[in-house]
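Novice: Can you read through this structure? Questions will come right after.
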Amino acid sequence: MSGKYRFPSEEWIKAFKEELNRNKEYEEAAKDWEGDFLFVITPDEGLDREYCFYVDLYHGKCRDARVVASRDEVKTEFVYEGPYSNWKKLIRGEIDPIKGLLTRKFKLKGNMAKVMRYTKAAKLLVETASRVPTEFV
Amino acid sequence: MWYFISPKVVFGEDALDYLSEVKGKRALVVTDKVVRELAAERVAEKLREAGLDIEFYDEVEAEPSTSSVARGLEVARRLQPDLIVAVGGGSCIDTAKAIWALYENPELSIEDIAPLAELKLREKARLIAVPTTSGTGSEATWAAVITDPAEHRKMELAHHELVPDIAVVDPSLAKTMPPKLTAATGMDVLAHAIEAYVSQWANDFTDGLALKAIELVFRYLPRAYRSPDDMEAREKMHNAATIAGLAFSNSMIGVAHALAHSIGGLFKIPHGEAVGMCLPYTIEYDLPEAEDRLEQIAHHLRLSYTSRREAGLKLADEARRLLSEMGLPATLAERGVAESELEENMDKLVRLAMSSGGTTINPRIPSEEDYRKLFRYIYEGRRVDF
Ligand SMILES: [Zn+2]
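If you're matching them up, the sequences are chains Z and D in order. The numbering of the first sequence is numbering that gives the first Met the number 0, which starts it at 0 and goes up by one. The numbering of the second sequence is numbering that gives the first Met the number 0, which starts it at 0 and goes up by one.
The structure is reproduced here in structure tokens:
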């Protein structure tokens, strides 16, 4: 397969899930982590509407990852939200995920202190996203 | 985008006089029993000259715990101060920060003091920090370390608003430090500055501060240690502590602090001593990813070397030399930790270090295996070779 996955899409988040589940370093860093996320991509720079991913992370593995129709469809422990333009920078490795929060390029709902104890896992999560062959809209 | 956050810094001889003109009605002075005698009464005198009513909370413990904070918070709630004045080392200042945050935000609990919390500050009171040690730099930072006694875990509280409004950096307060405390807190300054300089978040605003602080430590710490009355050395070290605080607060600490928070919490080793012990090893550990930055430090110190790697190793040796000159332990074994004790606690040590903020922003990010090795190397005193 030489194809790239379009971000955001069901194919992309499935590819991300597979990539993450192959990542041993992530598995180690997140081995005690329990908590699911809603990733919200708000529209700008050519994205037509809001997209949401449901991602369930548990003990170093991704148990589930899929597109959900709207942010109200699922209730998650964490919501990580930002505009499409910043998601692009994040996936290209141009924004550090924690710095992105501190400078409010992304918003986090949920227990920040819990996330701050897993900053290495957060970083590896983003690095994994960078490894998914991605094309943007 | 990034920020440079700083209090107003009043420094130098007679800086304390600034407090006699400060505005306010009621001040809560947060300190401990020893510092109260040595320094906090002097601070209170200045505040009284400014027309403030004073109440002391002087029960801060070394390596302060959540209960230190809770007791102080009760006093604050009763007193309703419009000024909180922390007088002491990092323990007193960090405790005051936590009291301040919870006094202004009664709906929050201590673990909610995290970078993105909706934290209201400065609505009820301002915070002034008056350091009496030349070490933690807490007077200049937006972080606080409070121990959770149930878990022996050092909680790293942080929020951009948690920086004191004013830091009063008066060298006369530092001269009462006994030599051992001078040594340990001085090594903490060095670790802050080196870690800030090699951090992934290092930036143009922090680099100069970090280099200056490193230079000041190597030049003046041995003097301040040997001659407690050398006021020039005292003043330079007192400034260095605040400068290094500004540097790491606006970039980040690293693996020496992650390791030190772990061993400090579990083996009851004071922060400066723990971090000083770990520093040479983490310089060596960082080398593969931070050769150029470490070489720049070596260059600034005019060390002689023929390669970047050698520059980094020489810097680590310089840190070791400082430890031995000042009689500080360079290994866990020397510090009296038994090998069995280390091995029994290894999983917990590693877990705590992995969850420290210093881990991810370090130039080289350790795996659990790396941490295991680092703890053993620090125990034995082996040069890091992996
Ligand atoms: Zn420190």
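We treat Cβ as the ideally placed atom computed from N, Cα and C, and that holds for glycine. Please read all numbers here as calculations on a predicted model, not as lab measurements.
Out of curiosity, what's the CA-to-CA distance linking Z:G99 and Z:D47?
Specialist: As a working note, residue 99 of chain Z is residue 100 in the first sequence. As a working note, residue 47 of chain Z is residue 48 in the first sequence. Rounded to whole angstroms, Z:G99 to Z:D47 spans 23 Å at the Cα level.
Novice: Three Cβ pairs or more, each shorter than 8 Å: is that satisfied between the region 122-141 of chain D and the region 177-187 of chain D?
Specialist: Taking 8 Å as the limit for Cβ pairs, the verdict is that the region 177-187 of chain D does touch the region 122-141 of chain D.
Novice: How would you list, in chain order, the residues of chain D whose beta-carbon sits under 9 Å from the beta-carbon of Z:L124?
Specialist: Numbered from its first residue, the first sequence carries residue 124 of chain Z at position 125. Neighbours of Z:L124 on chain D: none; closest Cβ ~12 Å, over 9 Å.
Novice: Taking the alpha carbon of D:H158 as the point to measure from, which residue in Z:D71, Z:L101, Z:S69, Z:E49 has its own alpha carbon closest?
Specialist: As a first step, residue 158 of chain D is located in the second sequence; it is residue number 159 there, counting from the start. When only C-alpha atoms are compared, the closest one is Z:L101.
Novice: Would you list, in chain order, the members of the region 40-71 of chain Z that have their beta-carbon closer than 8 Å to a beta-carbon of chain D?
Specialist: Cβ contacts with chain D come from no residue of the region 40-71 of chain Z.
Novice: Determine the chain Z residues that contact D:W99 at a beta-carbon separation under 7 Å, and present them in chain order.
Specialist: By 1-based counting over the second sequence, the position of residue 99 of chain D is 100. Simply none; closest approach about 18 Å.
Novice: To which residues of the same chain is Z:G92 closer than 8 Å at the C-beta, ignoring the five residues directly before and after it?
Specialist: Here residue 92 of chain Z corresponds to residue number 93 of the first sequence, with the count starting at 1. Taken in chain order, the residues that qualify are V125, E126, S129.
Novice: Given a threshold of 16 other Cβ atoms within 10 Å of its Cβ, counted over all protein chains shown, does D:M0 qualify as buried or as exposed?
Specialist: For the purposes of this step, residue 0 of chain D is taken as residue 1 along the second sequence, with counting starting at 1. Answer is exposed; the Cβ neighbour count stays below 16.
Novice: Excluding sequence positions up to five away, which residues of its chain have a Cβ less than 7 Å from the Cβ of Z:M0?
Specialist: One-based indexing of the first sequence puts residue 0 of chain Z at position 1. Low confidence applies to Z:M0: its pLDDT is 49, below 50, so where it sits in the model is not reliable, and the reading given next is rough at best. Same-chain partners within the cutoff: there are none.
Novice: Z:W86 to D:I252, Cα distance in whole Å?
Specialist: Sequence index remark: in the first sequence, residue 86 of chain Z carries index 87 (1-based). Sequence index remark: in the second sequence, residue 252 of chain D carries index 253 (1-based). The alpha-carbon atoms of Z:W86 and D:I252 are separated by roughly 27 Å.
Novice: Shorter than 8 Å from the beta carbon of Z:T133 to some beta carbon of chain D?
Specialist: Locating residue 133 of chain Z in the first sequence gives position 134, where the first residue counts as 1. So, not an interface residue.
Novice: Taking D:D81 as the reference, which of D:A124, D:C91, D:P63, D:V74 has the closest Cα?
Specialist: In the second sequence, residue 81 of chain D corresponds to position 82, counting from 1. Minimum Cα distance to D:D81 is reached at D:A124.
Novice: Using DSSP bridges, identify the partner residues of D:C277.
Specialist: Locating residue 277 of chain D in the second sequence gives position 278, counting from the first residue. According to DSSP, which records beta bridges pairwise, D:C277 is partnered with nothing at all.
Novice: Pick from D:S226, D:F247, D:H237: whose alpha carbon is nearest that of D:G207?
Specialist: Here the question's residue 207 of chain D lines up with position 208 in the second sequence. That would be D:F247, whose Cα lies nearest to the Cα of D:G207.
Novice: Under the DSSP definition of a beta bridge, which residues are partnered with D:A142?
Specialist: As a first step, residue 142 of chain D must be located in the second sequence, where it is residue number 143. DSSP, once it has assigned bridges, lists D:A157 as partnering D:A142.
Novice: For D:K211, does the three-state DSSP call read helix, strand or coil?
Specialist: Indexing the second sequence from 1 puts residue 211 of chain D at position 212. DSSP places D:K211 in helix when its eight states are reduced to three.
Novice: In or out: D:E234 buried (at least 16 other Cβ within 10 Å) or exposed?
Specialist: On the second sequence, residue 234 of chain D is found 235 positions in, with the first residue counted as 1. It counts as buried.
Novice: Locate the beta strand (DSSP E) running through Z:E80, then write down its first and last residues.
Specialist: If you number the first sequence from 1, residue 80 of chain Z lands on position 81. That run of the beta strand (DSSP E) goes 77-82.
Novice: Does the Cβ of D:A190 lie closer than 7 Å to at least one heavy atom of ligand 1?
Specialist: Translated into the one-based positions of the second sequence, residue 190 of chain D becomes position 191. Flag set: Cβ of D:A190 near ligand 1.
Novice: First and last residue of the alpha helix (DSSP H) that includes D:G357?
Specialist: Sequence index remark: in the second sequence, residue 357 of chain D carries index 358 (1-based). It spans 356-360 - the alpha helix (DSSP H) in which D:G357 sits, taken as one unbroken run.
Novice: Once DSSP output is grouped into helix, strand and coil, what is the label at Z:M0?
Specialist: Locating residue 0 of chain Z in the first sequence gives position 1, where the first residue counts as 1. Here the model assigns Z:M0 a pLDDT of 49, short of 50, so the residue's position is not dependable, and the following value carries that caveat. Residue state, collapsed to three classes: coil.
Novice: Pop quiz: D:L245 and D:T281 are said to be a contact at Cβ under 8 Å. What is the actual Cβ separation, rounded to whole angstroms?
Specialist: Here residue 245 of chain D refers to the residue found at position 246 of the second sequence. Here residue 281 of chain D refers to the residue found at position 282 of the second sequence. Actually they are not in contact, since the Cβ atoms of D:L245 and D:T281 sit about 21 Å apart, beyond 8 Å.
Novice: Considering only residues of the same chain and omitting the five flanking positions on each side of D:L400, which have a CB-CB separation below 6 Å?
Specialist: It is not possible to answer for residue 400 of chain D, since the shown part of chain D is limited to 0 through 385.
Novice: Here's the rule: buried if 16 or more other CB atoms are within 10 angstroms of the residue's CB, otherwise exposed. What is D:P170?
Specialist: Against the second sequence, residue 170 of chain D aligns to sequence position 171. It is buried - the Cβ of D:P170 has at least 16 other Cβ atoms within 10 Å.
Novice: Going along the chain, which residues of the region 324-342 of chain D sit with their C-beta nearer than 9 Å to a C-beta in chain Z?
Specialist: Correct list: empty, as no residue qualifies.
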